[in-house]
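K.L.:
Residue numbers (this note's numbering), protein chains in the order written: chain A, 377 to 723; chain B, 12 to 232. A virtual CB, placed ideally from N, CA and C, is assigned to each residue, including glycine.
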Amino acid sequence: MSKEALYGKTLSELKACVKELGLPAFTSKQIADWLYKKHVTTIDDMTNLSKKARLMLNEQFEVGLVPPQSFQESVDGTKKYLFQTNNHQFIEAAYLPEDNRNTLCISSQVGCKMGCLFCMTARQGFQKNLTTNEILNQIASLPERETLSNVVYMGMGEPMDNIDNVLKSLEIITSEWGYAWSPRRINVSTIGVIPAMRRFIEESEAHLAISLHSPFNEERKQLMPIENVYTAEKMIEALKDYDFGRQRRISFEYIMFKGVNDSAQHVKGLLQLLDGIKCRVNLIHFHPIPNSPLEGSDYKTMEYFRDKLSQKGITTTIRKSRGEDIYAACGLLSTKKLIQEDTDKDF
Amino acid sequence: MNQHKRKKLKPVNVIDNRLLTSGVHYISIEKNCEFKAGQVIAIALNPNDEPRLYSIASGTNKKYISILFDIKPGGELTPPLSKVKSGDTVFISEPFGKFLCADKPATWIATGTGIAPFLSIIESGQNKNIKLLHGARTLDKFFFQEYLYEQLGDYYLRFCTTESNERTIDGRLTDYLKNSKKLPTNNKYYLCGSSQMVIDVREILISKGIPFDNIIAEIYF
């Protein structure tokens, strides 16, 4: 029987573990230190714990870090790592080195339930929520871990659909007893699952990136089924309930589709929708996926769009595309090939 | 410090809890506000619990609101929700959502309990020019099939993947769509069910020449 992973437990969960084993309370802080500051891979490496404590811990637990199975490297230096989860499913994480920052894009689910028309991850359906251990393992087991300056939850899955584990992972990354990172080094994306988004805003300090892709209800419904339930309009209303302060950032991600959402009407619609929200907009070039009815807007249109929004006071940038040749770019992560077909379908 | 600003849920009484087939319940509760067919409500057993969303499965003209759900083993809500009795209290949000079918020729495609919004629309008398395709693993999962047949006649097609009888079509609805020589490209296609069904069906429809802007999907998550 496999042992329970210690990596991914919050300090209060570690306290509960050591209490149950009858170990001194301070052991939990020592374990957190070994896990999240020194990133040891075995309990035996926790050398300031008594031999008895290590023995007891070893009987029930393991550290639970798993190295990536493989990686691919893009011509632009982006690396895409493949990790196996506890139940033999797979996720991807993309490492994006730049001159002055190195970002890791991590997954929060195996697959995704949200079914966005333009997304490769959606094509594989939903397999499972990642545990906190599996979310953090993508950071902890990354060969370039020490070089990381930023983490973005923009890989496979909808983070707000796995909000408990996402919040726990953020607690570990940002707590003094954990990685002790500033929450400003972290950006979490969502398509706008409003109740969980509210929890995220209230219970964490990390930046928020919202996948918008259209300001118009009927059109957004065609691109993103979530719009049937949680509309962009309601999402904006919810955001207006909060004071984000000067440091915390809200950004809107906007993939530009030729002839669909790239007109002057859309600029106007965005300006109306985002009125009163202090935010920035990131325009993203669409990376075509097989059999997609969508095409990316050309760069001239994207520049026009950027300039029009900028002129009206919304900081707008065109996001540089990274790792397209290895399917590591935005919306392209997928481990569908590694999934066994479910023959017991109802459709 | 931000305060918790979640939607307030209101208490309502349970009127009825019907077991439709093993693990699938149809619960009716007091109607405390108006809604549009195709909308959802958030429901919880306690006011401070994280509610879950369910499509309303009853017509706008009824005196109650019903939901249709299957029990998720290990789930926080559905196992206890399946045990509620008439007179018990549950907590619901105001109805919301925009999975509203336009008054145009349409094909509705559902699997399992994804039939719920379509039931509501039909019960509300908004079923002109529609064809309903319903997929299920077993024959007992064609909920309210007598009523649906009565309303839609031959425009109600049932696809069963593991069992068969004279009223159902053997096999997958995805195979039916793949093998259809011509699907009306001007129709609207409304899909409701699991994300995998929506994705597979949407891909087939697009490959058959249906413009993506004629495909509207609601996903259960």
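If the criterion is Cβ atoms closer than 8 Å, does the pair A/S484 and A/Y529 meet it?
P.N.:
Closer than 8 Å, so yes.
K.L.:
Which chain B residues sit within Cβ distance under 9 Å of A/L607?
P.N.:
Rather than Leu, the amino acid found at residue 607 of chain A in this sequence is Thr. Per Cβ cutoff of 9 Å: F107, G108 and K109.
K.L.:
Identify, in the order they occur along the chain, each residue of the same chain with its Cβ nearer than 8 Å to the Cβ of A/L382, setting aside the five sequence neighbours on each side.
P.N.:
For A/L382, where only same-chain residues beyond five positions count, the Cβ hits under 8 Å are L390, C393, I407, L411, I419, L433, F437, E438, V439 and G440.
K.L.:
Candidates A/E603, A/Y618, A/K654 and A/E671: which alpha carbon is nearest A/F662's?
P.N.:
Nearest of A/E603, A/Y618, A/K654 and A/E671 to A/F662, Cα basis: A/E671.
K.L.:
Please go through the same chain and pick out, in chain order, the residues whose beta-carbon is closer than 8 Å to the beta-carbon of B/D211, but skip the five residues on each side of it.
P.N.:
T185.
K.L.:
Counting only beta-carbon separations shorter than 8 Å, does B/N13 have a partner in chain A?
P.N.:
Low local confidence applies: a pLDDT of 45 at B/N13 is under 50, so the model's placement there is unreliable, and no value is given.
K.L.:
Please report how far the alpha carbon of A/K696 lies from the alpha carbon of A/G453, in whole angstroms.
P.N.:
Looking at the two C-alpha atoms, the distance is approximately 13 Å.
K.L.:
Measuring straight from C-alpha to C-alpha, what distance separates B/C203 and A/N424?
P.N.:
So the two alpha carbons sit approximately 56 Å from each other.
K.L.:
Can you tell me which of A/S668, A/L512, A/G501 and A/N509 puts its alpha carbon nearest to the alpha carbon of B/K219?
P.N.:
Looking at the Cα atoms, A/S668 is the closest of the given residues.
K.L.:
B/Y65 lies in the alpha helix (DSSP H); which residues open and close that run?
P.N.:
Note, B/Y65: premise wrong, no alpha helix (DSSP H); beta strand (DSSP E) at R63 to S66.
K.L.:
Going by alpha carbons, who is nearest to B/S39 out of B/N28, B/E134, B/G49 and B/K47?
P.N.:
Out of B/N28, B/E134, B/G49 and B/K47, B/N28 has the C-alpha closest to the C-alpha of B/S39.
K.L.:
How would you write the range of the alpha helix (DSSP H) that A/K351 sits in, first residue to last?
P.N.:
Any question about residue 351 of chain A goes unanswered here, given that chain A covers just 377 to 723.
K.L.:
May I have the straight-line CA-CA distance separating B/L194 from B/I221, to the nearest angstrom?
P.N.:
Taking the straight line from one Cα to the other gives about 8 Å.
K.L.:
Please compile the residues from chain A whose C-beta is within a distance smaller than 8 Å of the C-beta of B/V51.
P.N.:
What B/V51 touches in chain A: V605.
K.L.:
Taking three-plus beta-carbon pairs below 8 Å as touching, is the segment 600 to 619 of chain A in contact with the segment 105 to 120 of chain B?
P.N.:
Contact between the segment 600 to 619 of chain A and the segment 105 to 120 of chain B is present, because at least three Cβ pairs lie under 8 Å.
K.L.:
Which residues in chain A have a C-beta closer than 7 Å to the C-beta of B/G123? List them in chain order.
P.N.:
Near B/G123 (Cβ distances below 7 Å), the residues of chain A are D722.
K.L.:
From B/N176, B/S135 and B/K96, pick the residue whose C-alpha is nearest to that of B/R148; which is it?
P.N.:
Residue B/N176 is the option with its Cα nearest to B/R148.
K.L.:
Nearest to B/L45 by CA position, among B/Y37, B/R63 and B/S77, is which residue?
P.N.:
Before going further, note that residue 45 of chain B is Glu rather than Leu in the sequence given. For B/E45, the nearest C-alpha among the options comes from B/S77.
K.L.:
Does A/T423 come out as helix, strand or coil in the three-state DSSP assignment?
P.N.:
If DSSP states are grouped into helix, strand and coil, A/T423 belongs with coil.
K.L.:
Buried or exposed, going by whether 16 or more other CB atoms sit within 10 Å of the CB of B/D121?
P.N.:
A quick correction: the sequence has Ala, not Asp, at residue 121 of chain B. Classification of B/A121: buried, given that the 10 Å Cβ count is 16 or more.
K.L.:
Quick one: residues in its chain with C-beta nearer than 6 Å to the C-beta of A/T692, no 5 flanking neighbours on either side, listed in chain order?
P.N.:
Correct list, in chain order: V657, R682, L685 and S686.
K.L.:
For A/F633, return the contacting residues in chain D, with the cut-off set at a CB-CB distance below 7 Å.
P.N.:
No chain D is part of this structure, whose protein chains are labelled A and B.
K.L.:
Using DSSP with H/G/I as helix, E/B as strand and the rest coil, what is B/G220?
P.N.:
Of the three classes helix, strand and coil, the one that applies to B/G220 here is coil, per DSSP.
K.L.:
Between the segment 493 to 506 of chain A and the segment 546 to 565 of chain A, are three or more C-beta pairs nearer than 8 Å?
P.N.:
Contact fails: fewer than three Cβ-Cβ distances are below 8 Å.
K.L.:
Determine the extent of the alpha helix (DSSP H) in which B/L111 is found, giving its start and end residues.
P.N.:
No alpha helix (DSSP H) contains B/L111, which DSSP labels as neither H nor E.
K.L.:
Look at the alpha carbon of A/R625 and the alpha carbon of B/N190, and state the distance between them as a whole number of angstroms.
P.N.:
Going by the C-alpha atoms only, they are around 49 Å apart.
K.L.:
What residues of chain A sit near B/R17, judged by a beta carbon separation below 7 Å?
P.N.:
Neighbours of B/R17 on chain A, chain order: P571 and R574.
K.L.:
8 Å is my cut-off, CB to CB: does B/V23 come that close to chain A?
P.N.:
Answer no: the Cβ-Cβ gap between B/V23 and chain A never drops below 8 Å.
K.L.:
Rounding to the nearest angstrom, what Cα-Cα distance links A/E380 and A/P666 in this structure?
P.N.:
Straight-line Cα distance between these residues: approximately 40 Å.
K.L.:
Hey, A/N478 and A/S525 are a contact pair by Cβ (cut 8 Å); roughly how many whole angstroms apart?
P.N.:
A/N478 to A/S525, Cβ: 5 Å. Contact.
K.L.:
Checking the sheet assignment: what are the DSSP bridge partners for B/W119?
P.N.:
DSSP output for B/W119 lists B/L143 and B/Y201 as bridge partner(s).
K.L.:
Would you identify the three-state DSSP class for B/L88, choosing helix, strand or coil?
P.N.:
DSSP places B/L88 in coil when its eight states are reduced to three.
K.L.:
Under the assumption that B/T124 contacts B/F170 (Cβ atoms under 8 Å), give the Cβ distance between them as a whole number of angstroms.
P.N.:
Not quite, the Cβ-Cβ distance comes to about 16 Å (not below 8 Å), so this is no contact.
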